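To keep things clear, I will list the structure first and then write my remarks on it.
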Ligand code: UD1
Ligand code: UDP
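In my numbering, the protein residues as written are 5 to 380.
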């Protein structure tokens, strides 16, 4: 194709950089949207902060990365991550000279990429901007990461009005903040299927299915042991409970999980589910127990009660809507919260009638429109 025919001279190069499973789930719909626009050339760079869990998502959404920096190491530390991402992303930025770089959320990939862009004076757009707990150690290191990305970003794509208000409170200029909804809703529109089946789901649906996930860095150790002890008690005391637990690939999480659940009959540990599978498991489960960020949004969107096994959340929308409840990381508190929902139908039903606070599934479209209108 001739350059002039495609208007290449007017095309702007947008580079998306991400590296973990949740970022990929929320960036893939945006990649598809940007690729469909004539004014943009889209370059996808994955840092490979995650490996198998990232590639599961890219496969599910049929996205091919232009660059894979393959930085993951077993049991990587924050120092490993920061150093390796900074060095490798610099090379790609120098080669591509993008018009803008889009990062997502609060991972080390997002923070370090934004930092590299700052050093090189490349504008940054922050997807899922403005989430805050204002406790720098909770979640760790994510609260720092997202605040730092916020300082650097020229465009803040906030998922909700609440997130916008946080950004305004911090002094960000109103004209740099756009409320778009969350791209996770765009993703959910393509993943949840009426006729989905899976052998584990069939097993679990014979009783009341509890879907468990746990991976937070600050929960590894005593808090995670407390969580798992509470889950064991629940499974022992309620014979109709069937726990499905797709275990995060982090070896530290796996060691603890194996110790608690290795012999448990009605707690099934599994490899991470692909996103299509996981969203459909969510859609069918009775109750979610999680310390994840993204799953809190999905639970709210699907109207599934979720106990969040953390002391803080940057997603108060779900708490206000009633779908989420903070259950902390103490065994007794978690156990009592689960018990209440298993025994008290009214309490359970109260958490089921939720409103989706994250938009209609057109967040990617809105972000692409905003970027298009920024082209001179
Ligand atoms: C990272 C993000 C966290 C996000 C989470 C989503 C940071 C600091 N943390 O945490 O914000 O909530 O991803 O899951 O950015 N591993 C594999 N294969 C994989 C993925 C991970 O083997 O596909 C193992 C590796 O040993 C790796 C370890 O898990 O070293 C931890 O991965 P890492 O990205 O450092 O931390 P997460 O806890 O996954
Ligand atoms: N998820 C998945 N497979 C699984 C568990 C989770 O695809 O086995 C998805 C889930 O739907 C959500 C995202 O992964 O979109 C959340 O990722 P995670 O909990 O690892 O990270 P966080 O959201 O806490 O950053």
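By construction, the Cβ of each residue, glycine as well, lies at the ideal position given by its N, Cα and C atoms. Fair warning: this is a prediction, and the values are worked out from it, not measured in the lab.
Is residue j closer than 7 angstroms to residue i when the C-beta atoms are compared?
{"i": "residue 77", "j": "residue 84", "result": "yes"}
{"i": "residue 171", "j": "residue 160", "result": "yes"}
{"i": "residue 306", "j": "residue 286", "result": "yes"}
{"i": "residue 301", "j": "residue 362", "result": "yes"}
{"i": "residue 79", "j": "residue 255", "result": "yes"}
{"i": "residue 218", "j": "residue 110", "result": "no"}
{"i": "residue 105", "j": "residue 126", "result": "yes"}
{"i": "residue 61", "j": "residue 19", "result": "no"}
{"i": "residue 108", "j": "residue 31", "result": "yes"}
{"i": "residue 75", "j": "residue 88", "result": "yes"}
{"i": "residue 118", "j": "residue 278", "result": "no"}
{"i": "residue 322", "j": "residue 304", "result": "yes"}
{"i": "residue 309", "j": "residue 280", "result": "no"}
{"i": "residue 292", "j": "residue 215", "result": "yes"}
{"i": "residue 222", "j": "residue 148", "result": "no"}
{"i": "residue 121", "j": "residue 131", "result": "no"}
{"i": "residue 231", "j": "residue 124", "result": "no"}
{"i": "residue 134", "j": "residue 167", "result": "yes"}
{"i": "residue 284", "j": "residue 357", "result": "no"}
Short of 7 angstroms in beta carbon distance, which residues of its chain neighbour residue i, apart from the five on each side in sequence? Order them along the chain.
{"i": "residue 58", "result": "23, 24, 25, 28, 50 and 52"}
{"i": "residue 379", "result": "16 and 43"}
{"i": "residue 11", "result": "Low per-residue confidence applies at residue 11: pLDDT is 49, beneath 50, and the placement is therefore not dependable enough to give any value."}
{"i": "residue 38", "result": "18, 44, 46 and 372"}
{"i": "residue 238", "result": "245, 339 and 342"}
{"i": "residue 208", "result": "246 and 248"}
{"i": "residue 196", "result": "283, 284 and 287"}
Bridge partners of residue i, per DSSP?
{"i": "residue 3", "result": "Summary: the structure shown does not reach residue 3, with the chain confined to residues 5 through 380, and so no result is reported for it."}
{"i": "residue 212", "result": "245"}
{"i": "residue 71", "result": "49"}
{"i": "residue 16", "result": "44"}
{"i": "residue 181", "result": "160"}
{"i": "residue 217", "result": "294"}
{"i": "residue 22", "result": "50"}
{"i": "residue 330", "result": "312"}
Can you name, in chain order, every residue of its own chain whose Cβ lies under 6 angstroms from the Cβ of residue i, other than the five neighbours on each side?
{"i": "residue 33", "result": "187, 190, 191 and 368"}
{"i": "residue 5", "result": "For residue 5, the predicted structure reports a pLDDT of 35, less than 50, and the residue's modelled location is therefore unreliable. The matter cannot be settled from this model."}
{"i": "residue 336", "result": "none"}
{"i": "residue 316", "result": "137, 139 and 142"}
{"i": "residue 182", "result": "161 and 374"}
{"i": "residue 152", "result": "115"}
{"i": "residue 156", "result": "118, 122 and 128"}
{"i": "residue 376", "result": "43"}
Less than 8 angstroms between the CB atoms is what I'm expecting for residue i and residue j, so what's the real figure, rounded?
{"i": "residue 333", "j": "residue 250", "result": "Not quite, the Cβ-Cβ distance comes to about 20 angstroms (not below 8 angstroms), so this is no contact."}
{"i": "residue 90", "j": "residue 116", "result": "5 angstroms"}
{"i": "residue 247", "j": "residue 257", "result": "About 16 angstroms; that fails the 8 angstroms criterion."}
{"i": "residue 273", "j": "residue 265", "result": "6 angstroms"}
{"i": "residue 184", "j": "residue 163", "result": "7 angstroms"}
{"i": "residue 229", "j": "residue 260", "result": "6 angstroms"}
{"i": "residue 154", "j": "residue 176", "result": "7 angstroms"}
Leaving out five residues before and five after residue i in sequence, what residues of the same chain have Cβ atoms less than 8 angstroms from its Cβ?
{"i": "residue 9", "result": "For residue 9, the pLDDT reaches just 46, beneath the cut-off of 50, and the residue's location in the model is therefore unreliable, although a value from the coordinates is still provided. Nothing meets the Cβ criterion."}
{"i": "residue 193", "result": "365"}
{"i": "residue 298", "result": "26, 29, 30 and 188"}
{"i": "residue 158", "result": "104, 127, 128, 129 and 180"}
{"i": "residue 242", "result": "212 and 346"}
(message) In chain order, what are the residue ranges of uninterrupted alpha helix (DSSP H) at least 4 long that sit wholly in the stretch 89–156?
(response) Within the stretch 89–156, the alpha helix (DSSP H) runs of at least 4 residues that lie entirely inside it are, in chain order, 112–124 and 146–156.
(request) Could you name each continuous alpha helix (DSSP H) segment of 4 residues or more that falls completely within the stretch 230–282, going from the start of the chain to the end? (result) Runs of the alpha helix (DSSP H) lying entirely within the stretch 230–282 and spanning at least 4 residues, in chain order: 255–265.
(message) Ignoring anything shorter than 4 residues, give me the alpha helix (DSSP H) runs that lie fully in the stretch 285–319, in order along the chain.
(response) 298–306, all fully within the stretch 285–319.
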